[in-house]
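Visitor:
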Amino acid sequence: MTQTTSQTAPDRLPPETLRTLFLFEALDDAKLAWLSEHGVVEHYQAGSQLFFPDAPATCFYVLLDGTIQMSRAVDGTDVEINRTDYRGSYFGATQSWLVNATNPENRAQRYGSSVRALTDVRVLTLPAEEFGGIMRQWFPMAVHLLEGLFVGMRASEAIIGQRERLTALGRLTAGLTHELNNPAAAAVRATATLRERVAAMRHKLGALASGMVDPESLMMLSAMQEEAIEKAAKAPELSAVQASDREDEISDWLDDHDQTNGWQLAPILVASGLDTEWLDDIAERIPAAHLEGGLRWITYALESEQLMSEIEEATERISALVGAAKQYSQMDRAAHQNADIHAGLDSTLVMLGRKIPEGVTVVRDFDKDLPPVPMFAAELNQVWTNLIDNAIQAMDGSGTLTVRTARDGEFALVEICDTGPGVPPELTTKIFEPFYTTKAVGKGTGLGLDISWRIVANRHGGDLRVVSKPGDTRFQARLPLVAPEIPGQGNPE
Ligand SMILES: Nc1ncnc2c1ncn2[C@@H]1O[C@H](COP(=O)(O)OP(=O)(O)OP(=O)(O)O)[C@@H](O)[C@H]1O
Ligand SMILES: [Mg+2]
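The sequence shown begins at 6 in our numbering and counts up by one.
(1) Measuring CB to CB, does R1 end up less than 9 Å from L392?
(2) Report the CB separation of Y66 from T130 in whole angstroms; it is logged as a contact under 8 Å.
(3) Would you tell me roughly how many angstroms separate the C-alpha atoms of V126 and Y116, rounded to the nearest one?
(4) Using a Cβ-Cβ cutoff of less than 7 Å, which residues in the same chain neighbour L23 once the five nearest sequence positions on both sides are dropped?
(5) Helix, strand or coil: how does DSSP classify S101 here?
(6) If you reduce the DSSP assignment to three classes, tell me which class Q54 lands in.
(7) Which class does S583 belong to by DSSP, given the choice of helix, strand or coil?
(8) Just to check my reading of the structure: C64 and A98 have Cβ atoms closer than 8 Å, yes? What is that Cβ distance to the nearest angstrom?
(9) I need the straight-line Cα distance from T424 to V472, nearest angstrom please.
(10) For Q264, which of helix, strand or coil comes out of DSSP?
(11) Rank F416, R470, A411 by C-alpha distance to the C-alpha of L517 and give the top, closest one.
(12) P362: beta carbon under 8 Å from a heavy atom of ligand 1?
(13) Does the region 183-193 come close enough to the region 313-331 to have 3 or more Cβ pairs within less than 8 Å?
(14) At which residues does the alpha helix (DSSP H) containing Q230 begin and terminate?
(15) Strictly closer than 5 Å from CB to any heavy atom of ligand 2: give me those residues in the order they appear in the chain.
(16) Do three or more CB pairs link the region 311-320 to the region 286-293 at distances below 8 Å?
(17) Let me know the secondary structure DSSP gives R483 once reduced to three states.
(18) Nearest to L223 by alpha carbon, out of L55, T434, Q264, G299?
(19) Mind reading off the beta-carbon distance from V367 to L354? Whole number of angstroms is fine, and I expect it under 8 Å.
(20) Could you check what DSSP says for E242 in three-state terms: helix, strand or coil?
(21) What separation, rounded to the nearest whole angstrom, lies between the Cα atoms of V373 and A14?
(22) Report all residues from its chain with a CB closer than 8 Å to the CB of W302; omit the five preceding and five following residues, and keep chain order.
(23) Quick one: what does DSSP say K474 is sitting in, helix, strand or coil?
(24) Cβ of S473 versus every heavy atom of ligand 1: is any distance shorter than 8 Å?
(25) If I'm right that G71 touches D90 with Cβ under 8 Å, what's the distance once you round it to whole angstroms?
(26) Which same chain residues, not among the five before or five after N105, have their C-beta less than 7 Å away from its C-beta?
(27) In its own chain, which residues sit with a C-beta less than 8 Å from the C-beta of E21, not counting the 5 before and 5 after it?
(28) Between the alpha carbons of V2 and K474, how many angstroms are there, rounded?
(29) Can I436 be considered in contact with ligand 1, in the sense that its beta carbon sits closer than 8 Å to one or more heavy atoms?
(30) Could you please give the first and the last residue of the uninterrupted beta strand (DSSP E) stretch that includes I421?
(31) Does N395 pass the burial test, meaning 16 or more other C-beta atoms within 10 Å, or should it be called exposed?
(32) CB of F136 to nearest heavy atom of ligand 1: below 8 Å?
(33) What are the start and end residues of the beta strand (DSSP E) that includes N343?
(34) With burial defined as no fewer than 16 other Cβ atoms inside 10 Å of the residue's Cβ, what is the status of I86: buried or exposed?
(35) Compute every distance between the C-beta of V428 and the non-hydrogen atoms of ligand 1, then say whether any falls below 8 Å.
(36) Quick check: the Cα distance between W458 and H149, rounded to an integer number of angstroms?
Structure below.
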């Protein structure tokens, strides 16, 4: 702090000047004389800091000349909340009248924000303790009323905070229910269709076995069915336009070959990656009389495969969502303790070992001098799991996964870095929102980063953010080395 107060006698303001400040204009001569005697004028150079948040609030300030900026840290960045050059604006220990309150908790008032001089600034300062004392003496009833207002406000803030948490939980449940509903309905639908198809196949099998088709043709048909299923499994994804073109071609082919209801078969064949070439091949191998029955037999099998994949995808998505919900619900189980952060990182890497593809090199860059960190260990493991999981998926098979730890001031820094394509700048906040995912349906819940952020920020008083450019993406978790008091987590508040 570059503060230049007069070295000899402190600079005071005469009562007449004090009366020109709106705060003091109605005070009588005796009170102004007291203020004149106790208030000291201080000068601050442009760019210097008058006070920082959380420092003991020792001074009440009244702006005389210049411009000040008041700011507060929100999510790790400084946000300006006020900027003023209004003569008489007051700030600092504005609740100093609470300092000597009967309630001992209020003894240690702290500044709630930081104030910086934007130009050279002149302020009148009053020691908080003396100012608070005189306020209680001069205006006892007003101070009682203010105290009531202040305590009442804090109580309602606490209640609203709790209510907000409940609402957030409600929103999450609603979101989760909605997300679960889609795959569950899809699975039910697919199962019903599958049941019909299997019944139809049983029926067809009966017809085939009753001697209409000779055993040799039956064997061939069965082989063709297997071939088609294999082809379908490797089918490349088609764009909507490609799929519709292909469907037209196949419909035409089926019409040309006198197949009734060809329109029913075409979409199934397209979805299985089959084309007219494959149909030509089939037509050569199956006698014309059996072509229709044969094609139907093959498509039943293909459709069943598709339906089973749909059911598999839907149920996998349900398990993923249930897994994520479990992560939420386990949040307050594990104990809070000081622990080595590396143990959790190592065990997470072991747990994920099977998921890390061969093309991905894992680099451990650990600062072994890092002191133990106050943490909910099991929860942090979920954070590392989610971040490493994302990094692996982003690299799509090859790259370098770096897990780094370092000390960053009063924080332990854990970086999970990948060499994938990165997060575009416009998405760096969005990706932390619940249910935001760029992964294909069934692949991601979009809850990983939301859960991780809650654990780091809400449960540990830390910070989780991403710094990314293509080829170098770092998810940085900062965890305080001294556990802060977190409201609503069992700490006295
Ligand atoms: N390391 C990364 N590189 C690039 N993009 C990422 C990275 N990590 C996350 N993202 C982006 O953020 C999105 C949200 O991530 P989040 O972990 O919340 O959900 P998800 O990974 O899609 O789903 P889930 O975690 O359930 O598998 C991802 O879909 C992806 O687009
Ligand atoms: Mg994820």
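Each residue gets a CB set at the ideal place from its N, CA and C atoms; glycine is no exception.
Guide: So, from the data block:
(1) Residue 1 lies beyond the range of the chain shown here (6 to 498); nothing can be said about it.
(2) Position 61 of the sequence shown, counted from the start, is the residue given in the question as residue 66. Position 125 of the sequence shown, counted from the start, is the residue given in the question as residue 130. The pair is a contact, with the Cβ atoms about 6 Å apart (cut-off 8 Å).
(3) Here residue 126 corresponds to residue number 121 of the sequence shown, with the count starting at 1. Here residue 116 corresponds to residue number 111 of the sequence shown, with the count starting at 1. Spanning the two alpha carbons is a distance of roughly 19 Å.
(4) As a first step, residue 23 must be located in the sequence shown, where it is residue number 18. Contacts found: F29, L37, L40, S41.
(5) Stepping through the sequence shown from its first residue, residue 101 is reached at position 96. Three-state DSSP puts S101 in a helix.
(6) Here the question's residue 54 lines up with position 49 in the sequence shown. In the structure shown, Q54 sits in a strand (DSSP, three-state: E or B).
(7) Because the chain spans 6 through 498 in this model, residue 583 falls outside it and cannot be assessed.
(8) Against the sequence shown, residue 64 aligns to sequence position 59. Against the sequence shown, residue 98 aligns to sequence position 93. Sure, about 6 Å apart at Cβ, within 8 Å.
(9) The count along the sequence shown starts at 1 and reaches residue 424 at position 419. The count along the sequence shown starts at 1 and reaches residue 472 at position 467. Cα to Cα, the separation comes out at about 12 Å.
(10) As a first step, residue 264 must be located in the sequence shown, where it is residue number 259. Coil, per DSSP.
(11) Residue 517 lies beyond the range of the chain shown here (6 to 498); nothing can be said about it.
(12) For the purposes of this step, residue 362 is identified with residue 357 of the sequence shown, where counting begins at 1. Relative to ligand 1, P362 has its C-beta separated by 8 Å or more from all heavy atoms.
(13) yes
(14) The residue labelled residue 230 in the question sits at position 225 within the sequence shown. For Q230, the enclosing alpha helix (DSSP H) has its first and last residue at 220-238.
(15) N395, G453
(16) no
(17) Position 478 of the sequence shown, counting from 1, holds the residue named residue 483. In the three-state reduction of the DSSP assignment, R483 falls in the strand class, which pools E and B.
(18) Here the question's residue 223 lines up with position 218 in the sequence shown. The option with the nearest alpha carbon to L223 is G299.
(19) Position 362 of the sequence shown holds residue 367. Position 349 of the sequence shown holds residue 354. With 8 Å as the limit, V367 and L354 qualify as a contact, their Cβ atoms being about 7 Å apart.
(20) Residue 242 sits at position 237 when you count from the first residue of the sequence shown. Coil, per DSSP.
(21) By 1-based counting over the sequence shown, the position of residue 373 is 368. By 1-based counting over the sequence shown, the position of residue 14 is 9. Note that residue 373 is Lys in the sequence shown, not Val. Cα to Cα, K373 sits roughly 53 Å from A14.
(22) To locate residue 302, count along the sequence shown from 1; it is residue 297. Excluding sequence neighbours, W302 sits near M206, K209, L213, L226, Q230.
(23) Stepping through the sequence shown from its first residue, residue 474 is reached at position 469. Three-state DSSP puts K474 in a strand.
(24) Numbered from its first residue, the sequence shown carries residue 473 at position 468. Yes; taking the cut-off as 8 Å, the Cβ of S473 has a heavy atom of ligand 1 nearer than that.
(25) Numbered from 1 along the sequence shown, position 66 holds the residue referred to as residue 71. Numbered from 1 along the sequence shown, position 85 holds the residue referred to as residue 90. With a Cβ gap of about 7 Å, G71 and D90 count as contacting.
(26) Locating residue 105 in the sequence shown gives position 100, where the first residue counts as 1. Unreliable positioning characterises N105 in this predicted model, as indicated by a pLDDT of 42, which lies under 50. The coordinate reading is nonetheless provided below. Correct list, in chain order: G137, G138, R141.
(27) As a position in the sequence shown, residue 21 is number 16, starting the count at 1. Excluding residues within five positions, none has a Cβ falling inside 8 Å.
(28) It is not possible to answer for residue 2, since the shown part of the chain is limited to 6 through 498.
(29) Numbered from its first residue, the sequence shown carries residue 436 at position 431. At least one heavy atom of ligand 1 is nearer than 8 Å to the Cβ of I436, so yes.
(30) Numbered from its first residue, the sequence shown carries residue 421 at position 416. Here the beta strand (DSSP E) through I421 covers 416-423.
(31) Here the question's residue 395 lines up with position 390 in the sequence shown. N395 comes out buried.
(32) As a working mapping, residue 136 is identified with position 131 in the sequence shown. Flag unset: Cβ of F136 not near ligand 1.
(33) Working through the sequence shown from its first residue, we reach residue 343 at position 338. Start and end: 341-344.
(34) Indexing the sequence shown from 1 puts residue 86 at position 81. Exposed, by the Cβ-count rule.
(35) Counting from 1 along the sequence shown, the entry for residue 428 is found at position 423. Yes, since a heavy atom of ligand 1 falls inside the 8 Å radius drawn around the Cβ of V428.
(36) In the sequence shown, the residue the question calls residue 458 occupies position 453. In the sequence shown, the residue the question calls residue 149 occupies position 144. In a straight line, the C-alpha of W458 is about 41 Å away from that of H149.
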